[in-house]
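Below is one structure, written out as structure tokens, with a few remarks after it.
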């Protein structure tokens, strides 16, 4: 199958249940497993809870809604904190190496999902308002818990990893161009047209070369407009590069995967990635994962 | 042939004439058929009527034109309503299962094309102005009737369907990035620079990462501009991903279709998608549709 | 060779010299030929004259330069008009079917290059100022004479022609989306936020979905901003489609051209497009044009 | 290996040490070599120095930082000038043909890295403030010294070189479109909507067709908005072209490189670019560089 979901256990071999059987084993399969009906139901419920808790934080930041439904939103917030706290403790309890889990990426994200609310409980007494505002917003980072479920498309990752050197060269080239054009525009336009420093001119150069173009800073002189035109044409050509790199790597990976699929019975090649039987002799084909890719 | 037009009947097997012969059969071939001269002429006339009726609605929304040609535009509008109403009734009459048609996508669109004008007739009496304005604008949705004729390029749809998992991963990644950067910018810039809530900051983050850049909200602090620069560079790299996915799938599909085309007489492969005869022995080639793709 | 230049004569078989020999034959080779040193020198001189004449028109539109160098620019303008007029007459004289040439695309462009200046001579007497301004600007269209020299990359054109149905489907989809979103935004935002008519809202939808984002119109309501976010995400996914189509067609054409290149001596395939000798046996390869592509 | 780093010496055969042994030979290996631990350490230190010196120049352009840390930044600046001056002299001393090096691209960049500071020393006496400001900003160009280290991805360069004709055709087409649409918009909108000259209208056309869209100039008339819509749709289609060209060339290069990798022991083809042993017989594969690409 295309881009198969690798379970958390395949990615992290240390992720083992704390007990071979009993309730902790069953709980392990529930919270870490993805291949049992119960595990899938747990994941679905968790995704809904994550999205709902992030929505609550977002709506709470709207002044009108905060004034009207503040109490309701705070209650929902505490319900989610308790829920994610229970989930975090359960994960620590059922895994064989709790410290290893706590130090992993998802261990950190799971802690981050409950910490801000708990810290805000302590801070309320001391009335540090700025800190509380930051903590309230930090709750949006719960959305990172979703990353557990998008860790799917291995083919996309492979193509990204293979292109990493080309992407590095591309980003370095971009940074050099932004520095040079930023400095030139700071010299040509100067503070009188809003280009008050090189970093600010570089912010403008990034906004322009990436074709965002806010319009908060624009060239005021004819020379500045001419340089901008040149710069945009260069940027226009360069935007093609990362797309081309990624498309080429992905095409190469896909084509290679297809060429490599070979019927073991009759030897026919070039089977479709989704094909399960040989189109010449009808024999079962090896799964795509075995064939390479 | 490249991207063959599939007739409505091939896509929907339930789409059968109500009578095996007689005027209803001839009318069925006229309104649903695409392979007879009469059917093609009907389709051409309908396309012109759709485009003309949408243009009438658009021009009617321009205050100056409404003031000057209001009567004429209203007359044209009623002519189109009668025409599309007659077409809708005819479709219901000649199809074997009228309810099934009425519940299908195109049945809904065909009803939507006449409903607003008819409802507005009732509402005029009760003077509900807002409702009437909405109904008048809803008529633009008649443009969806055109979808019947763009349901053509199966190859494009295949590539889209094959990439659906990758596109889902991409959209989820985008939403996570927009949430995280929106929350950070709301924290950094705050209401004093127009970032009055997280949803509004997320609207800004979408506008920026997709390189639209209206400029109605722009970062006012140096830190905000630095984060924006980072965000744009990430977005710049990410815009490559859907293009790369789609290009790779389409390339793979096209290459595969060519490799799969095989002369039945001599066995030569790699025939061009447009080729009709084998370039080695001159025998007629099977059509592209048979060969897979 | 990659993308060979096809001479004007190959594209248009009717383009024959008026006389088999003599000065008209030599003049024909000079103005229409591209494969003799004299013909190439003539082309180079013409390109320089075109670019220079377009620059003169552009500079003349700058008020400060017009005030200062108006006389000089007018003199240069008349020199170019005489030059292009002489070139046009010469082309008419030396070609076998002058009327056919005059009615062709390049015949029209060559006439357009001299007509505005000559017409302005007549109009000066009648003082029609608007007309003169238009004529002065029309001279920029001389730049279209350059099209004669970019009519090169046949491979690019082949890929574009092959994708024409997909591109048509794409543009129709875009127009349907722009109509629907334009109508919705006109309903949601209304004249009070600048969306004064559906055509104006469609202009805004085009500017937004194509990620231009001027910022002259922006959504003012929360609902409008939410719809804009959805719209941008859809547009972001759709921008990938034409790129993917074009990249896929071009890749397929390139790959096919390589696979098709076969050494006639030893049968080895997969030669590079630039290769001139077989990498296995060293025999000369057939040129790419013969091999297909 | 993917995109191997070519050493400076491979690119420039004239780059030879001045002495076959002794300290000058060791110093040559240090400053020009990239394959010894000492050479790599020197390169790493130089990269850090370049980035730090550019950061100093950037921060110095911020008025608040210049007022507060001016003395410190000036001291750092002089330290970097001495460092790069010493590096430049060392390079001149240890290379066999110093003049050839001084006239090369990197010789010029290395001189440019020290010149502005030294010239500013002379100019301080004469108080030419504008010149000094320009010199201070020119120091950002030290970032070009980094180009020595991004001269890596030969595959990317090959794809760019192969597409050069297509890119040239593309840029010419863009310039023709910008000229024509600029002239039309100057005629339609005119100075009253800010389109004061054709060059200014062309600046706007570039900003619009490249989807930057600052919003400093926007069409004010209905006709201008309609033309802008057409223009954007054309530009939207055209942005696909360079991406398509580059992706196709890169895909073709990558696919070709894979097809060309052939096991010398058993003849199996289609090895992955990263593979080091034949997947059929396990024999060592020739490196990718030997196999072509």
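Chains as they are written, first to last, in my numbering: chain A, 2 to 294; chain B, 2 to 294; chain C, 2 to 294; chain D, 2 to 294. No residue lacks a Cβ here, since even glycine has one placed at the ideal position from N, Cα and C. Note that the structure is a prediction, hence the values are computed from the model and not measured.
Taking Cβ positions only, does residue 68 of chain A come closer than 9 Å to chain C? Closer than 9 Å: no.
Counting contacts by CB-CB distance shorter than 9 Å, is residue 59 of chain C in contact with chain B? For residue 59 of chain C, not one C-beta of chain B is nearer than 9 Å to its own C-beta.
For residue 200 of chain A, does the three-state DSSP call read helix, strand or coil? Of the three classes helix, strand and coil, the one that applies to residue 200 of chain A here is helix, per DSSP.
For residue 59 of chain D, the nearest candidate out of D/139, D/232, D/38 (CA to CA): Of D/139, D/232, D/38, the residue nearest in Cα terms is D/139.
Output yes or no for whether 9 Å exceeds the beta carbon distance between residue 239 of chain A and residue 175 of chain A. Yes, they are a contact pair.
Would DSSP call residue 128 of chain A helix, strand or coil? At residue 128 of chain A the pLDDT is 49, less than 50, meaning the model places this residue with poor confidence; the figure from the coordinates comes in the next sentence. In the structure shown, residue 128 of chain A sits in coil (DSSP, three-state: anything other than H, G, I, E or B).
Contact set between the region 189-216 of chain B and chain D, restricted to residues whose Cβ is under 9 Å from the partner: Answer set for the region 189-216 of chain B: 212, 213, 214, 215, 216.
List, in chain order, every chain B residue whose beta-carbon is nearer than 7 Å to that of residue 142 of chain A. Neighbours of residue 142 of chain A in chain B, taken as residues at a C-beta separation under 7 Å, are given in chain order as 181.
I want to know whether the region 182-193 of chain A touches the region 203-223 of chain A - three or more CB-CB distances under 8 Å. Segments in contact, yes.
With a cut-off of 8 Å, do at least 3 Cβ pairs link the region 195-204 of chain A to the region 169-183 of chain D? Three or more Cβ pairs closer than 8 Å define a contact, and the region 195-204 of chain A falls short of that threshold against the region 169-183 of chain D.
Listed by chain order, chain B residues near residue 90 of chain A by CB distance under 9 Å: By Cβ distance, chain B contributes nothing, its closest Cβ being about 25 Å from residue 90 of chain A, past 9 Å.
CA-CA distance, residue 35 of chain C and residue 94 of chain C? Counting only the Cα atoms, residue 94 of chain C lies some 19 Å from residue 35 of chain C.
Interface partners of residue 64 of chain B on chain D, CB under 7 Å: Chain order gives no chain D residues near residue 64 of chain B, where near means a beta carbon separation below 7 Å; the closest approach is about 12 Å.
Compute the beta-carbon to beta-carbon distance between residue 225 of chain B and residue 186 of chain B, rounded to the nearest angstrom, for a pair I have assumed lies under 8 Å. With a contact defined as Cβ atoms closer than 8 Å, residue 225 of chain B and residue 186 of chain B qualify at about 6 Å.
To the nearest angstrom, report how far apart residue 105 of chain A and residue 249 of chain C are at their CA atoms. Straight-line Cα distance between these residues: approximately 41 Å.
Spell out whether any CB of chain C is found under 9 Å from the CB atom of residue 224 of chain D. By this cut-off, residue 224 of chain D is not an interface position.
Same chain only: Cβ atoms within 8 Å of residue 237 of chain D, ignoring 5 sequence neighbours per side: 212.
Coil, strand or helix - residue 96 of chain B by DSSP: The three-state reading of DSSP puts residue 96 of chain B in strand, counting E and B together.
Any idea what DSSP makes of residue 18 of chain A, helix, strand or coil? Strand, per DSSP.
Output yes if chain D places a C-beta closer than 9 Å to the C-beta of residue 3 of chain B; else output no. Model confidence at residue 3 of chain B stands at a pLDDT of 35, short of 50, so the residue's coordinates are unreliable and nothing is read from them.
Assigned secondary structure, residue 222 of chain C (DSSP; H/G/I helix, E/B strand, else coil): In the displayed model, residue 222 of chain C falls within coil according to three-state DSSP, outside both helix and strand.
Which residues in the same chain have their Cβ closer than 7 Å to the Cβ of residue 242 of chain A, if we skip the five residues on either side of it in sequence? Excluding five sequence positions before and after residue 242 of chain A, the CB atoms of its chain that fall closer than 7 Å to its own CB belong to 171, given in chain order.
Run of the alpha helix (DSSP H) containing residue 195 of chain B, from where it starts to where it stops: From DSSP, residue 195 of chain B is part of no alpha helix (DSSP H); its letter is neither H nor E.
CA-CA distance, residue 39 of chain D and residue 49 of chain D? One Cα belongs to residue 39 of chain D, the other to residue 49 of chain D, and the distance between them is close to 15 Å.
Interface partners of residue 244 of chain C on chain A, CB under 9 Å: Under the 9 Å cutoff, chain A gives 241, 244, 248.
Residue 128 of chain B versus residue 122 of chain B - alpha carbon distance: Interpretation of residue 128 of chain B is limited by its pLDDT of 49, a score under 50 that renders its predicted location unreliable; the figure taken from the coordinates is listed afterwards. If I take the Cα positions, the gap works out to 10 Å.
For residue 190 of chain C, three-class secondary structure by DSSP: Looking at residue 190 of chain C - three-state DSSP - the assignment turns out to be coil, as it is neither helix nor strand.
So, at 6 Å on beta carbons, what are the nonlocal neighbours of residue 214 of chain C in its own chain, with the 5 sequence-adjacent residues on each side left out? So the list is empty, once near-sequence residues are dropped.
Residue 21 of chain B to residue 33 of chain B, Cα distance in whole Å? Computed Cα separation, rounded: 14 Å.
What would DSSP say about residue 35 of chain D, mapped onto helix, strand or coil? It is coil, neither helix nor strand.
Cβ shell of residue 229 of chain D (< 6 Å), same chain only, five flanking positions each side left out: Listed in chain order, the non-local C-beta contacts of residue 229 of chain D below 6 Å within the same chain comprise 220, local neighbours out to five positions each way being set aside.
C-alpha gap between residue 14 of chain D and residue 27 of chain C, whole angstroms: Straight through space, the alpha carbons of residue 27 of chain C and residue 14 of chain D are spaced by roughly 48 Å.
Check residue 180 of chain B in the structure and name its three-state DSSP category. Looking at residue 180 of chain B - three-state DSSP - the assignment turns out to be helix.
Could you tell me the boundaries of the alpha helix (DSSP H) in which residue 110 of chain C lies? Membership of residue 110 of chain C in the alpha helix (DSSP H) is indicated by the continuous run 106-113.
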